[in-house]
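Shown next, in structure tokens, is the structure this report addresses.
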Amino acid sequence: MSTETLAEPLSRAGPRRLGSLRLRLMLGVPLLSGLVVAVFEWSLGGFESLREGLARTGLLVLLLSAAQLLFVEALLLRPLRRLAAGCEAMESAPMPLTPAADLPASGLAAELDRIGHAMRRARGSLWQQDQDARELRRELAQQRHLLEQARSALDANQRELASLARTDALTGIANPRVFDEALRREFKRAQRQRGLLALAVLDLDQFKQFNLAHGSVVGDRALQRVAALLNERFKRDTDVVARLGGEEFVVLLPGFGMAEAQGVLELLRDELRALRLPDGQGSLTLSVGLAAASPAHPYLSAQALMQAADEALYIAKHAGRDRLSLAA
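Per the UniProt record's numbering, the very first residue in the sequence shown carries number 1; after that it's consecutive.
Here's what the structure looks like:
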């Protein structure tokens, strides 16, 4: 069945419905008006007044009905008729057989196309912005990771620098700076508490010839073995073992007098002679200068105690080496 066949009953239904409505109004309005006028006349004078003014009542009903019909025609039926004509025109229009996209765009369709295109462009822009934001987040995460790595490396370097600032790079024991701080601290404590403090300066005999004979690599290993031996023998919390430089070491022994420190250092010299050096090459001996501060033998300063130990070491060296000399 074609679209035109379907539209014909629809186009005929509109005028028929309007004609039926007009007929009902032409019958109903006069009846209603007559009833209203009759009730009004009856309320004024009863049935006698109604019979006497019948002609007048009929004229009044006609005028009132005509006015109401004109009013309804103007306000209701004419708009309905125009609406029915519009519906009839729409229903009788042929249905398009091609898709709407193939037809020439009307003003509304063109506007809708522009809106759709703008929305697609906005979606594309939002998608691109989302991709850019994701890429930026990835780059920020990568930069944050690199920053964390750099911070960790910096912390490690700072710890290493702090360690290097307080330890000897070759042997791992304390360096001269740490020893000087400990000497000043322990000397003041010994003075305040009238306690004992022993200081020994140790020097490996003829170490330059040892290096020439065996090489600097073996010499460095020998120094490391000596430092390890010192750490093993002097491991109290208050003991301080340091390398002053080259083949010279120093030991600070709080609470030790001259006799106690001398006994420990003589054992150390014996252990050094028996020490197995790297690859079994060569042997080393040790010269020691020892000084001790006590209430019976005080020193004016920590530097004076250190100088006394140095002078004792000088005497041990010139007395033939491989010996311990006591400060006067």
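Note that CB positions come from ideal geometry on N, CA and C, so glycine has one too.
Item	Value
Between the Cα of Ala-308 and the Cα atoms of Thr-167, Arg-138, Val-288, which residue gives the shortest distance?	Val-288
Which one or two residues does DSSP pair with Glu-248 in a beta bridge?	Asp-203, Gly-245
Is DSSP giving Leu-290 helix, strand or coil here?	strand
DSSP three-state call for Ala-101: helix, strand or coil?	Because Ala-101 carries a pLDDT of 46, less than 50, the predicted location of this residue cannot be relied on, and the following value inherits that uncertainty. Ala-101: helix per DSSP, three-state reduction.
Answer yes or no: do Val-72 and Pro-30 have a C-beta to C-beta separation smaller than 8 Å?	no
Taking just the CA atoms, how far does Leu-212 sit from Gln-206?	10 Å
So, with DSSP's three-state summary, where would you put Ala-327?	coil
Ile-115: buried (16+ other C-beta within 10 angstroms of its C-beta) or exposed?	exposed
Can you grab the Cα-Cα spacing for the pair Arg-185 / Asp-239, in whole Å?	12 Å
Looking at the secondary structure, which residues open and close the alpha helix (DSSP H) in which Asn-231 lies?	216-233
For Arg-243, count neighbouring Cβ atoms within 10 angstroms of its own Cβ and tell me buried if that reaches 16, exposed if not.	buried
Write down the C-beta distance between Leu-252 and Leu-183 rounded to the nearest angstrom, noting that I regard them as a contact closer than 8 Å.	6 Å
Under the three-state reduction of DSSP, which class applies to Ala-110: helix, strand or coil?	helix
Enumerate in chain order the residues of its own chain whose CB-to-CB distance from Thr-98 is below 7 Å, with the five nearest sequence positions on each side excluded.	Annotation note: pLDDT 46 at Thr-98 (below 50); position unreliable, coordinate value reported separately. Result list for Thr-98: empty, nothing under 7 Å.
For the alpha helix (DSSP H) holding Ala-261, just list the boundary residues, first then last.	258-273
Are Leu-223 and Leu-154 touching if we call contact CB-CB under 8 Å?	no
Could you name the residues of the same chain whose beta carbon sits closer than 7 Å to that of Leu-265, not counting the 5 residues immediately before and after it, in chain order?	Ala-200, Val-288, Leu-290, Leu-324
Rounded to a whole number of angstroms, what is the C-alpha to C-alpha distance between Leu-202 and His-318?	14 Å
For the ligand FMN, any of its heavy atoms closer than 7 Å to the Cβ of Asn-231?	Because no ligand of any kind appears in the structure shown, any question about the ligand FMN cannot be addressed here.
Below 8 Å on the Cβ atoms is my contact criterion, and I expect Arg-295 with Arg-159 to pass it. Report the Cβ-Cβ distance as a whole number of Å.	Residue 295 is actually Pro in this sequence, not Arg. That belief does not hold up - the Cβ atoms of Pro-295 and Arg-159 are roughly 42 Å apart, past 8 Å.
Measuring only the C-alpha atoms, how far is Arg-121 from Trp-127?	10 Å
Ala-328: buried (16+ other C-beta within 10 angstroms of its C-beta) or exposed?	exposed
Sort out for me which residues DSSP pairs Pro-254 with in a bridge.	Leu-197
For Val-36, does the count of other Cβ atoms within 10 angstroms reach 16, so buried, or fall short, so exposed?	exposed
May I ask you to verify whether the region 299-314 touches the region 219-235, counting CB pairs closer than 8 Å and requiring at least 3?	no
Specify, as a first and last residue, the run of the alpha helix (DSSP H) that Ile-315 falls within.	302-318
Taking the C-alpha atoms as reference points, what is the distance between Leu-103 and Arg-123?	Residue placement at Leu-103 cannot be trusted, given a pLDDT of 44 that sits under 50; the coordinates are not used to answer.
On the CB-based measure, 16 or more other CB atoms within 10 Å of its CB, does Ala-302 come out buried or exposed?	buried
With DSSP as the reference, label Ala-296 as helix, strand or coil.	coil
Asn-157 and Asp-168 look like a contact to me (Cβ under 8 Å); what is the Cβ gap, rounded to whole Å?	That pair is no contact at about 19 Å.
Using only the alpha-carbon positions, how far apart do Gln-143 and Glu-247 sit?	48 Å
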